[in-house]
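Residues in the sequence shown are numbered consecutively from 1, following UniProt numbering. Worksheet for the structure shown next.
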Amino acid sequence: MVPDFYSLQWHTALIVVSSTLFFLVSIVGSYLILFKTPDAIKGYKFLFLYLNSAYQLCIFFIGFFGRISTYVLPPWVVCLEFSGLIQLFNPRMIYVELASIFFGLFGVVNAIAITVLYRYCHICHPKSFYVVDARWRAVIHGTISILPGSIMVLLLLLSRTVYGEDPKDISGNHLVIVFKFSPLAATFVIATGSYFYVVTSFSYILLFRIVRSFRNNITKASNRTREMQRALIITLLVSLCLPSILGGVPLVAAVYTIVVKADALEIIHRLCLLSSIWVGLVNISTTIIVVKPYREALLFCFRVKKKEDPKLFTNIKKK
């Protein structure tokens with residue numbers, strides 16, 4: 001049974017507040033990325049927007065459209081309960097939510113991977129066709145962004161339609177969908193885990209080489225170049241390491257609780273969903289704070305300048 005200190009009511013309130021805070025910050029971040037990105041890092045504009053949009057897609061459905069509660073029933077049956085805006089629509093909208101969440105999740109992983117790849121090629125292989133030719137780069141980015149997520153979402157929906165039951169509306173309070181163990185479901189879990197592991201490991205290897213190259217060449221660059229490169233590296237570190245820690249650890253714990261059928265399943269899954277929202281919030285906040293043009297633009301908006309107009313006082317005295 002879920003402990004009283006983190007009940008469903010507390011979880012719902014935290015999810016809604018965290019999601020609202022994320023969208024406020026991410027909208028500001030999207031504006032800064034679109035209009036305040038300097039020419040020196042203009043090639044990263046699409047990558048920053050892609051990562052932010054992938055987080056927005058996931059968090060909108062998790063925090064507002066259909067908040068999820070997880071239960072495990074013997075034998076090997078996972079029951080998902082949905083509440084929120086989704087109750088106003090057809091129960092089959094659950095499939096849209098699941099597809100959107102997983103597509104957004106793959107989008108986050110792919111966005112981080114291609115950002116690290118682009119940075120690595122830009123530093124270590126500046127004359128490669130990937131860096132020089134914008135058309136090839138667009139093709140590679142588009143393929144990585146769409147193809148893996150689409151295949152996995154198709155496999156997920158196929159496993160549901162073949163081996164699952166239609167979503168049910170229980171007493172008008174929430175929608176329920178049941179996942180039963182099946183070969184397709186096992187294939188989806190194994191393929192998703194393997195893909196995330198391979199892509200994340202590859203990204204860490206490239207990031208290590210980026211940091212090493214930066215340390216070797218730091219003395220040759222100007223102060224402005226060093227500052228910009230340092231900001232990009234910090235952004236990459238946060239983008240890659242944060243999901244691995246705050247996202248990966250709760251996810252592994254959630255899968256473990258399903259396997260061993262632990263009593264703390266509900267609270268682990270709730271913390272997993274909450275941590276995913278804060279990963280997105282911290283990621284976009286770090287991008288805004290670390291990249292100097294974004295930070296200066298934000299500070300300029302909040303800076304209150306109280307200047308006295310001498311002509312105004314002169315006119316008042318004359319009157």
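Ideal placement from N, C-alpha and C gives every residue a C-beta, glycine not left out. Keep in mind the model is a prediction, meaning the values are calculated, not measured.
Helix, strand or coil, according to DSSP, for residue i in the structure here?
{"i": "R270", "result": "helix"}
{"i": "K127", "result": "coil"}
{"i": "V153", "result": "helix"}
{"i": "V291", "result": "coil"}
{"i": "R303", "result": "coil"}
{"i": "S83", "result": "strand"}
Work out the CA separation of residue j and residue i for me, nearest whole Å.
{"i": "residue 364", "j": "A111", "result": "The structure shown does not extend to residue 364, since the chain spans only 1 to 319, so no value can be given for it."}
{"i": "S128", "j": "R137", "result": "11 Å"}
{"i": "C124", "j": "I190", "result": "33 Å"}
{"i": "L117", "j": "N52", "result": "18 Å"}
{"i": "G104", "j": "Y55", "result": "7 Å"}
{"i": "F89", "j": "R135", "result": "41 Å"}
{"i": "F179", "j": "L281", "result": "30 Å"}
{"i": "S150", "j": "R295", "result": "35 Å"}
{"i": "C241", "j": "V198", "result": "15 Å"}
{"i": "T70", "j": "Y50", "result": "29 Å"}
{"i": "F82", "j": "E266", "result": "14 Å"}
{"i": "L157", "j": "P183", "result": "13 Å"}
{"i": "N223", "j": "Q229", "result": "10 Å"}
{"i": "L85", "j": "L154", "result": "24 Å"}
{"i": "T12", "j": "F23", "result": "17 Å"}
{"i": "C121", "j": "C79", "result": "44 Å"}
{"i": "I94", "j": "I177", "result": "8 Å"}
{"i": "P148", "j": "R215", "result": "34 Å"}
{"i": "F102", "j": "F188", "result": "11 Å"}
{"i": "K305", "j": "V16", "result": "Caution is warranted here: a pLDDT of 45 is assigned to K305, below 50, making its placement in the model unreliable, and the coordinate value is therefore given only provisionally. About 35 Å."}
{"i": "R67", "j": "E227", "result": "41 Å"}
{"i": "A297", "j": "S275", "result": "29 Å"}
{"i": "V252", "j": "T143", "result": "28 Å"}
{"i": "V291", "j": "S18", "result": "24 Å"}
{"i": "A40", "j": "H269", "result": "41 Å"}
{"i": "Q87", "j": "N283", "result": "31 Å"}
{"i": "S30", "j": "P91", "result": "32 Å"}
{"i": "V279", "j": "S213", "result": "28 Å"}
{"i": "H141", "j": "I27", "result": "23 Å"}
{"i": "L237", "j": "F61", "result": "26 Å"}
{"i": "F302", "j": "L207", "result": "34 Å"}
{"i": "V109", "j": "M152", "result": "13 Å"}
{"i": "P126", "j": "L98", "result": "39 Å"}
{"i": "G107", "j": "N217", "result": "32 Å"}
{"i": "L32", "j": "L299", "result": "12 Å"}
{"i": "V139", "j": "S239", "result": "23 Å"}
{"i": "K42", "j": "L34", "result": "10 Å"}
{"i": "S7", "j": "S203", "result": "37 Å"}
{"i": "K36", "j": "R119", "result": "20 Å"}
{"i": "A231", "j": "V25", "result": "19 Å"}
Drop a sphere of 10 angstroms on the beta-carbon of residue i, count the other beta-carbons inside from all chains shown, and report buried for 16 or more, exposed for fewer.
{"i": "V211", "result": "exposed"}
{"i": "P38", "result": "exposed"}
{"i": "T235", "result": "buried"}
{"i": "residue 320", "result": "One cannot answer for residue 320 here, as it falls past the ends of the chain, which runs 1 to 319."}
{"i": "I59", "result": "buried"}
{"i": "G193", "result": "exposed"}
{"i": "S201", "result": "exposed"}
{"i": "P243", "result": "buried"}
{"i": "L175", "result": "buried"}
{"i": "I277", "result": "buried"}
{"i": "F181", "result": "exposed"}
{"i": "residue 322", "result": "Here the chain has residues from 1 to 319 only, and residue 322 is not among them."}
{"i": "F65", "result": "buried"}
{"i": "L246", "result": "buried"}
{"i": "T115", "result": "buried"}
{"i": "V72", "result": "buried"}
{"i": "I288", "result": "buried"}
{"i": "T314", "result": "Only weak support exists for where T314 lies, its pLDDT of 46 falling under 50; the coordinates are left without a value."}
Start and end of the alpha helix (DSSP H) containing residue i?
{"i": "Y44", "result": "Counting along the chain, Y44 falls outside any alpha helix (DSSP H), and DSSP gives it neither H nor E."}
{"i": "S239", "result": "N223 to L242"}
Any heavy atom of the ligand FAD within a distance shorter than 7 Å of the CB on residue i?
{"i": "L73", "result": "Inclusion of the ligand FAD in the displayed structure is not the case, the ligand content being empty and no account of it being possible."}
Notebook entry, point to check: In chain order, which continuous runs of the beta strand (DSSP E) of length 3 or greater are located wholly inside the region 172-203?
Noted result: 174-180
Quick one: which unbroken alpha helix (DSSP H) runs of 4-plus residues sit fully inside the region 88-121? Chain order, please. none
#### Entry: Segments of 4+ residues assigned as alpha helix (DSSP H) that fall wholly inside the region 22-74
45-60
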